[in-house]
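In my numbering, the protein residues as written are 3 to 212. Have a look at the structure below before the remarks.
This is the structure we're talking about:
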């Protein structure tokens with residue numbers, strides 16, 4: 003499901019300044035001022051084309067949402083979907099997750115979503131996994147207490163690895179499913195999730211807090 007790069011995507015994002023924060027580091031510690039209404043901020047890392055976070059923003063107007071995505075082409079696709087939806091509680095940022103400390107102050111985020119992250123299966127790439135130690139340390143800095151993370155994947159090995167990491171960091175499991183769509187018929191899905199579900203693949207889910 004890889005997308006082809008859009009030519010001049012970075013420049014085209016300039017057309018969506020009301021949806022995409024082009025210099026997110028300038029808002030560090032001031033994100034509540036960036037939204038029309040001051041309310042809890044939920045962050046999705048690796049939002050893809052935005053299906054999951056758009057639906058959340060529609061359902062929960064009393065929460066502010068930020069979608070984070072590394073690919074400028076994908077952010078552009080998401081921004082085009084959002085343009086006519088009049089969602090004042092949703093913003094997008096185009097950064098690498100390892101820069102979250104540059105963008106958010108301590109305790110600025112209330113809730114974090116990690117959906118279908120790249121599993122980086124090779125041992126030498128472990129540090130790139132979004133549940134590796136260095137990332138969990140960042141999350142714990144930017145999240146308010148209790149720090150809440152929701153994690154979904156179709157990759158069993160990544161799921162087991164992430165459970166191990168959450169345990170090492172003394173997170174408490176508050177919800178867990180080894181077959182999310184069998185256990186819950188009211189799930190807000192991502193584009194990847196819909197594809198995997200249609201193929202009959204199992205979706206693993208855990209919600210943790212610390």
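All residues carry an ideal CB built from backbone N, CA and C; glycine is no exception.
Could I get the ranges of all uninterrupted beta strand (DSSP E) runs contained in the region 19-107, with 3 residues as the minimum, in chain order? Those beta strand (DSSP E) runs which fall completely within the region 19-107 and span 3+ residues are 43-47, 66-70 and 92-95.
Given that a residue counts as buried once 16 or more other Cβ atoms are within 10 Å of its Cβ, and exposed if not, what is residue 166? Of the other Cβ atoms in all chains shown, fewer than 16 fall within 10 Å of the Cβ of residue 166; this residue is therefore exposed.
Check whether residue 84 and residue 52 have beta carbons under 8 angstroms apart: Using a Cβ distance threshold of 8 angstroms, residue 84 and residue 52 count as a contacting pair.
If residue 99 sits next to residue 31, beta carbons under 8 angstroms apart, how far is it from one beta carbon to the other, in whole angstroms? Contact doesn't hold; Cβ gap of about 19 angstroms is too wide.
Under 7 angstroms Cβ to Cβ from residue 11, same chain only, skipping five residues before and after it: list those, please. Once the five neighbours on either side are set aside, the close Cβ partners of residue 11 are 74, 75 and 78.
Based on the DSSP secondary-structure assignment, which residues constitute the bridge partners of residue 206? Residue pairing by DSSP puts residue 206 in a beta bridge opposite 155.
Could you spell out where the beta strand (DSSP E) holding residue 113 opens and where it closes? For residue 113, the enclosing beta strand (DSSP E) covers residues 113-117.
With residue 140 as the anchor, note down where its alpha helix (DSSP H) starts and where it stops. Where residue 140 is concerned, the enclosing alpha helix (DSSP H) stretches over 135-144.
Residue 125 by DSSP, collapsed to three states: which one? DSSP places residue 125 in the helix class (H, G or I) of the three-state scheme.
Taking contact to mean at least 3 C-beta pairs separated by less than 8 angstroms, is the region 54-72 in contact with the region 127-138? Too few Cβ pairs lie closer than 8 angstroms, so no.
Tell me where the alpha helix (DSSP H) around residue 12 begins and ends. Run containing residue 12: 11-14, per the alpha helix (DSSP H) assignment.
Are at least three pairs of beta-carbons, each pair with one atom in the region 148-164 and one in the region 114-124, less than 8 angstroms apart? With a cut-off of 8 angstroms on Cβ pairs, the region 148-164 is in contact with the region 114-124, counting three or more such pairs.
Going by alpha carbons, who is nearest to residue 149 out of 115, 198, 179 and 95? The option with the nearest alpha carbon to residue 149 is 115.
Looking at the strands, I want to know which residues DSSP matches up with residue 178. Under DSSP, the beta-bridge partners assigned to residue 178 are 208.
Across which residues does DSSP place residue 150 in a beta bridge pair? 211.
As assigned by DSSP and simplified to three states, the class of residue 165: In this structure, residue 165 counts as helix in the three-state DSSP scheme.
Whole-number beta carbon distance between residue 143 and residue 103, since they are thought to touch under 8 angstroms: Contact flag correct, Cβ pair sits at about 6 angstroms.
When the Cα of residue 130 is compared with those of 111, 101, 146 and 109, which residue comes out closest? Cα-wise, what sits closest to residue 130 is 101.
Pick out whichever of 109, 127, 39 and 139 has its Cα sitting closest to the Cα of residue 91. Each of 109, 127, 39 and 139 was checked against the Cα of residue 91, and the nearest Cα belongs to 39.
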